[in-house]
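Residue numbers (my numbering), protein chains in the order written: chain A, 217 to 758; chain B, 217 to 758.
Number of protein chains: 2
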Amino acid sequence: MTETALANLQNLYRIFTVPEAPDSTLGVVDQAISENVADFLHKHIVAIERSLEDIENDFVASKIPEDPSFVSDYAEFVKQKLVAQSVHTAAPGFVGHMTSALPYFMLPLSRIMTALNQNLVKVETSKAFTPMERQVLAMMHHLIYRQTDDFYEEWIHDSQTALGAFCSGGTIANTTALWTARNQLCAPDGDFAGIAQEGLYRSLQHLNCHGLAILVSRRAHYSLGKAVDLLGIGRNNLVLVDTDYDSRIDMQSLQAEYLKLREQNIRPLAVVGVAGTTETGHVDPLDELADFAAEVGCHFHVDAAWGGPTLFSESHCHLLKGIERADSVTIDAHKQLYVPMGAGMVLFKNPHALSAIEHHANYILRHGSKDLGSHTLEGSRPGMAMLVHAGLSIIGRKGYGLLIDLGIERARQFADLINQHRNFELITAPELNILTYRYNPAWLQKKMAQLDQEKLQEINDLLDLITQEIQKRQREAGKTFVSRTRLLSALYPTGQISVFRSVLANPLTTKEILAAVLEEQCAIVKDTEVQRLMDKIKQITA
Amino acid sequence: MTETALANLQNLYRIFTVPEAPDSTLGVVDQAISENVADFLHKHIVAIERSLEDIENDFVASKIPEDPSFVSDYAEFVKQKLVAQSVHTAAPGFVGHMTSALPYFMLPLSRIMTALNQNLVKVETSKAFTPMERQVLAMMHHLIYRQTDDFYEEWIHDSQTALGAFCSGGTIANTTALWTARNQLCAPDGDFAGIAQEGLYRSLQHLNCHGLAILVSRRAHYSLGKAVDLLGIGRNNLVLVDTDYDSRIDMQSLQAEYLKLREQNIRPLAVVGVAGTTETGHVDPLDELADFAAEVGCHFHVDAAWGGPTLFSESHCHLLKGIERADSVTIDAHKQLYVPMGAGMVLFKNPHALSAIEHHANYILRHGSKDLGSHTLEGSRPGMAMLVHAGLSIIGRKGYGLLIDLGIERARQFADLINQHRNFELITAPELNILTYRYNPAWLQKKMAQLDQEKLQEINDLLDLITQEIQKRQREAGKTFVSRTRLLSALYPTGQISVFRSVLANPLTTKEILAAVLEEQCAIVKDTEVQRLMDKIKQITA
C-alpha cells in the first residue's frame with residue numbers, strides 16, 4: 217500500500233470512529249442548532265434572495281471529487297452555500313407553504329432516529345420500531361374510524377394484516393390507496409388470477425368493461441394524476457368533476473359524469489373526496505360522497521393529507537363528517553402533525569384491504585412474519601413513525617386540537633384584515649386554515665362591478681400580472697412570503713385569476729405578522745413595474 | 217378560555233419556542249449521541265432479545281392520549297422501550313443486514329437537514345437544495361455514464377429535464393425506471409395520446425399486442441414484482457429467467473423466454489440486469505444484456521441498488537462493465553454510500569427520458585420552472601441529497617473506492633475462514649461483498665457426496681432446520697448477527713437450501729469479529745435442539 221493510500225485509509229477509519237470535536241466547524245453548528253434552532257436559522261439563512269442561476273454556480277462540478285476533503289471545509293461550504301441559501305420554512309412570516317416551525321423535541325428525537333438507523337421493512341432491522349409503527353397506525357385509524365377496543369386488540373399487531381401503511385408522503389399514500397382499490401376491484405375470481413398476476417388488460421376483459429375511472433373534484437391534488445398514470449388507468453379516466461365556487465365537488469356534476477362513464481362501459485373504480493384542498497383548504501361533502509360510493513359500489517378514498525388533523529379539534533371535526541365512512545384515508549404527518557419532512561400515512565377501514573397488494577420474498581417478508589414491508593409500496597424505510605408517536609404522546613389529542621383551532625382562528629383574523637383593508641380583495645374565505653386573496657383596491661373593485669366582460673377580462677389579466685409581480689418581489693426580499701395559484705372565483709366567473717395563497721399553520725404566526733405581510737405587499741405596489749400595470753388599469757377604467 | 221386550556225396553550229407555545237434544556241432527559245441523550253454515538257448505541261441497546269410479543273405489550277394503546285405529557289417522560293419511554301429494544305444495525309458484528317456504521321459527520325449534517333426542513337418538490341421550498349440535488353444527480357450520472365463536460369454543462373441545471381430522480385429508496389427508483397420505460401414505449405403517436413393519458417388497455421390496442429413483459433433473472437429484488445403489479449403489467453409478465461449457479465442470468469434462457477413472448481404477441485418492455493443481487497451479491501453479465509436489449513429494441517435497466525458504488529473502485533469496477541450502456545440505473549445511497557435510511561436514486565442516460573412521466577400543476581411545478589417535483593414519483597421530499605453530497609465531497613471517489621475494496625477483501629477473508637473451518641460450508645463465494653454459507657461439518661460434506669438423492673434431500677431438510685435454529689438463536693443472543701435465505705446451489709442442485717447470508721459493508725468489521733461470528737455459531741450447535749437434529753442426521757448417514 218502506498219503512503220497516500222495508507223493515509224486515506226486512516227482518514228477513512230477516523231470518520232467512522234472519531235466523533236466531530238465540539239469546537240470543530242460542524243460541532244459548533246451542531247451545538248448552535250441544539251441550543252436554539254430558531255436563532256440559528258434566523259442568523260444563518262440570508263433573507264435577500266440570490267437568483268437561482270447565481271446559486272447554481274456553486275453547484276456546477278459534475279464529477280465526484282477524486283480526493284477526500286476535510287469535514288470542516290465541507291461544513292463551511294454547507295453554512296455558506298446551502299444553509300445561507302435555503303428557504304426559511306419555519307419563519308412565522310412565511311405563510312405560503314405547508315411547513316411550520318417544529319416542536320423543539322422533534323430535533324433531538326430525529327437525531328435518535330438517525331443514530332439508530334432502523335429499517336422498517338422488516339422486524340429483523342427494526343424490532344420495537346415495528347410494533348411502535350403499528351401502534352401509530354392504530355391510533356390514526358382510531359382517530360378516523362373510532363372502532364371498538366376489541367377491534368384494535370384483534371388487529372393492531374396481527375401478522376397477516378395492517379391497518380394502514382406508513383410512507384414518505386401523501387403521493388405514495390394516495391397511490392397505495394388507489395392501487396389497493398384497483399386490486400380489490402380486479403380480485404382473483406375463478407380462472408382469473410387477479411390484476412396483480414394478470415395485469416390490467418386481462419382484468420378489463422374479465423370485468424367486461426372498457427376502462428376504470430376515478431372520480432374526483434377539479435381541485436384534487438396533482439398526485440392523483442400521477443397515480444392513475446402509474447396504475448395504467450390513464451389520465452383520461454381521472455374524471456375531474458366540477459366544483460362549486462368554494463372548491464367543493466358538485467354532486468349533480470358527479471352524478472352526470474358517472475352516467476357518462478356507464479354509457480362508455482367504464483367502471484368507476486373509486487371516488488375521492490378532498491378534505492382540505494391544497495389550494496384553498498376546502499372540504500368536499502364527505503357524507504354525500506360516501507352515499508354516492510355506496511350507491512355506485514365503488515371504493516371511497518379521502519385525501520386528507522392536509523385536513524385530516526382537523527379531527528383533533530372538537531370545534532371543527534364536524535367539517536370532516538363522513539370521513540369515517542371512507543374505505544381509505546391519506547394523512548400527512550409532515551404537514552399538520554408538525555413532524556419533519558418525509559412522513560405520510562394511508563389508513564384502511566378494513567384490516568384486510570391491504571392484502572390486495574401483499575407481497576413476500578424469501579429472505580424477508582416471509583409469510584406469517586410481522587414485517588410491515590409486506591404491505592407497503594416502499595421497501596426500506598426509516599423510523600419516521602417514531603416522530604409521529606412522539607407528537608401524539610407529547611402534544612396529545614387536546615394539544616393538536618388547540619393547534620388546529622389556533623390555525624383556523626388565525627386564518628379568520630387574516631380574512632378580516634384583508635376584508636377591512638382598502639387595497640385587498642379576499643377571494644376564498646378560510647374553511648380550514650387556508651385562504652386566498654389578491655391586491656385589488658376597493659375603488660377598482662367597485663368599478664369592476666360595472667364593467668362589461670371584455671374590459672373585466674383585460675383588468676383581471678393585468679391584476680394577474682400584478683399578483684405575480686408582488687409575490688415574486690416579496691419572495692425575493694425574504695422578509696415574508698405568500699404563495700400563489702390560479703383559480704376560478706364566484707366573483708369573476710368568466711376565467712381563472714391569479715391569487716395569493718396563505719396557509720396559517722405555524723402557531724408562531726401572529727396577527728401583527730399578518731398585518732406586516734399586507735403592509736409589505738402595499739409597499740411593493742409602489743414600485744415602478746406595478747405602477748405601470750396600475751396605470752394601464754386606470755386607463756381602461758377611466 | 218378555561219384555566220386548563222390556557223395552561224395547555226402555554227405548554228404548546230413552550231414546545232415551539234423553548235429549546236430542550238441540556239440537562240433534561242432528552243438533552244442528555246442528545247448530548248451523549250453527539251459525543252459518541254457508537255458508545256451510546258452500545259450502552260443503550262439491550263443485546264438479549266425480548267420476544268416481539270413481549271415488546272408489543274409496550275405498544276398496545278390504540279387511542280391517542282387525550283392530554284399532553286412531559287417531554288422528559290416521553291424521552292424516558294424512548295430510551296427504555298424503543299432505543300433499548302431496537303436493532304444495533306451499526307454494530308460491526310452484525311453482518312447480516314445491508315446497514316453499517318455511518319460516518320460521524322452524517323449525524324450533525326442530518327440535524328442541519330431536519331432543522332432546515334426543506335421540501336425538494338419545488339424551488340420555492342428548497343432554493344439552493346434544488347441545484348445541490350441536481351448536482352448530486354449529475355455526479356452519479358457521470359459515475360455511470362462518463363459523458364463529456366459539455367454534456368453536463370448543458371443538462372445539469374436544465375429546467376426542462378432531469379438526469380435522474382432522487383427518492384426514498386430502491387423500490388421507488390426501480391418503479392420510476394419501469395414507469396418511464398413503459399411510458400416511452402407507449403408514447404403519443406398520431407391519434408394515440410400516449411399511455412399517461414389513455415391508459416394501458418388502449419396502449420396495447422395501439423401497439424397491437426397482448427401484453428408488455430419485463431425480463432429479469434430469478435434473483436431479482438422483490439420490488440420489481442411490486443412495480444409490475446403497480447404499473448398494470450401483471451406479475452405473470454415479469455418473466456423470471458433462470459440463472460447459472462452464481463445467480464447470473466442465463467443468456468440462452470433469456471433468449472428462449474423472449475421467443476416465447478413473441479409467440480404470444482407480448483412486447484418486451486424492458487430487460488433488467490442486477491448488479492449485486494440482494495441475496496448473494498452477484499452481477500449479471502451487463503454487456504450481454506445490453507446487446508440483447510439493443511437487438512430486441514427494449515429498455516435496459518440495471519438495478520444496482522447494492523452494487524452500484526462498486527464503480528468507485530479501480531480494482532473492481534470492471535465487474536459492472538456494460539452498466540454504461542443501460543438506459544436507467546438504480547443506486548441506493550442508504551446502502552453503500554453510507555447515508556442514513558431513506559435515500560435512493562435512479563439515473564437516466566438520456567436527459568429527456570423522464571419527460572415521459574412529466575407532470576405539472578397550477579400552484580407548483582409550473583412549466584419552465586426548475587422544480588424537481590415535475591419529474592419524480594414522490595411529491596414532498598426531504599433534503600436527503602445533502603447527505604449524499606456530503607459523502608461524495610468528504611469521502612471522495614477514492615475514499616468510496618477504498619470502502620468498496622475493503623468490503624470485498626473482508627468478504628474474501630471470511631470465505632477463507634469458512635473454507636478452512638471444519639464445521640462450515642461456503643455456499644456462494646463473494647463476487648462483491650456478500651457471501652452465503654451454512655453449518656455443515658466436513659465429515660458430513662464427505663458423506664453427502666456419496667448419498668443418493670433421497671437421503672441427500674432428507675439431510676438437507678435437517679440442515680435447513682439447523683440453519684434456521686442457529687440463526688434465530690444467534691439473533692436472540694444479540695452479540696453477532698447473520699441473516700438467512702434460501703437458494704439453489706451448484707453443490708446441491710436438486711432443491712433450494714437454507715443458508716446464512718453475510719454482508720461485509722461495515723468498515724469496522726474485522727477478521728477477528730468474523731471469526732467470533734463462526735465461534736458463536738459453533739457454540740449454538742452444542743445446544744440440545746441442534747444436537748437432536750444432528751443426531752437424526754447421524755442416524756441417516758450411519
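The beta carbon of each residue, even a glycine, is placed where N, CA and C say it ideally should be.
- 8 angstroms or more divides the Cβ of Ala306(B) from the Cβ of Ala291(B).
- Under the 8 angstroms Cβ criterion, the segment 250-267 of chain B counts as touching the segment 316-333 of chain A, having at least three qualifying pairs.
- The C-beta distance from Gly312(A) to Asp548(A) rounds to 17 angstroms, too long to fall under 8 angstroms, and the pair is not in contact.
- Taking each of Leu553(B), Met602(B), Val262(B) in turn and checking the Cα distance to Phe232(A), the smallest one comes out for Leu553(B).
- Among the residues facing chain B, Gln351(A) is included, as its CB has a counterpart in that chain under 8 angstroms away.
- In this model, Gly623(A) and Ala436(B) are separated by some 48 angstroms (Cα to Cα).
- Residues of the segment 430-442 of chain A with a Cβ closer than 9 angstroms to any Cβ of chain B, in chain order: His437, Tyr438, Ser439, Gly441, Lys442.
- In the structure shown, the three-state DSSP call for Met561(B) is strand.
- Taking a C-beta distance under 8 angstroms as the contact criterion, Phe630(A) and Leu720(A) qualify as a contact pair.
- When C-alpha distances from Met356(A) are compared across Phe367(A), Val339(A), Leu379(A), Asp365(A), the shortest belongs to Leu379(A).
- Within chain B, Ser278 have C-beta atoms less than 7 angstroms from the C-beta of Tyr368(A), given in sequence order.
- Runs of the beta strand (DSSP E) lying entirely within the segment 491-562 of chain B and spanning at least 3 residues, in chain order: 515-519, 544-548.
- Going by beta carbons, Ala486(B) and His517(B) fall inside the 8 angstroms limit.
- Beta-bridge partners of Pro484(A) (DSSP): Ala429(A).
- Going by beta carbons, Asn656(B) and Leu679(B) fall inside the 8 angstroms limit.
- Chain-ordered listing is empty here: chain A has no CB closer than 9 angstroms to the CB of Trp522(B), the nearest sitting near 11 angstroms.
- Setting aside the 5 residues that flank it on each side, Pro556(B) is surrounded in the same chain by Leu318, Met322, Ser326, His550, Leu603, each with a C-beta closer than 7 angstroms to its C-beta; the list follows chain order.
- Judged by DSSP secondary structure, Pro709(B) falls within the beta strand (DSSP E) whose first and last residues are 708-719.
- Around Leu618(B), the beta-carbon contacts reaching into chain A at under 8 angstroms are Ala221, Asn224, Leu225, Leu228.
- Residue environment for Ala344(A): buried (at least 16 other C-beta atoms within 10 angstroms of its C-beta).
- A straight-line Cα-Cα distance of about 8 angstroms links Ile249(B) and Ile328(A).
- Residue environment: Lys614(A) is assigned as buried (16 or more neighbouring CB atoms within 10 Å of its CB, all protein chains considered).
- Comparing alpha carbon positions, the residue from Thr526(A), Val499(A), Asp751(A), Ser609(A) closest to Ser288(B) is Ser609(A).
- The criterion of a C-beta distance shorter than 8 angstroms is not satisfied by Leu563(B) and Leu730(B).
- Ala429(A) and Asn390(A) do not touch by the CB rule: their CB atoms are close to 16 angstroms apart, not below 8 angstroms.
- In the structure shown, Glu269(A) adopts helical secondary structure according to DSSP, grouped into three states.
- Distance between Lys752(A) and Ser439(A), taken at the CA atoms: about 39 angstroms.
- Pro501(B) sits away from Gly558(A), with the two beta carbons spaced by 8 angstroms or more.
- As the crow flies, the alpha-carbon of Gln636(A) is around 34 angstroms from that of Ile261(A).
- Under the three-state reduction of DSSP output, Val741(A) falls in the helix class.
- Partner residues in the beta bridge of Thr652(A), as assigned by DSSP, are Thr644(A), Arg717(A).
- For Phe382(B), the uninterrupted beta strand (DSSP E) run begins and ends at 380-383, by DSSP.
- Spatial neighbours of Thr493(B) in its own chain (CB-CB distance under 6 angstroms, excluding positions within 5 residues in sequence) are listed in chain order as Arg435, Ser463.
- The segment 450-459 of chain B makes no contact with the segment 389-408 of chain B; the number of CB pairs closer than 8 angstroms stays below 3.
- Each residue's CA atom was taken as its position, placing Pro324(A) and Val294(A) some 20 angstroms apart.
- For Ile610(B), the nearest beta carbon of chain A is closer than 8 angstroms to its own beta carbon.
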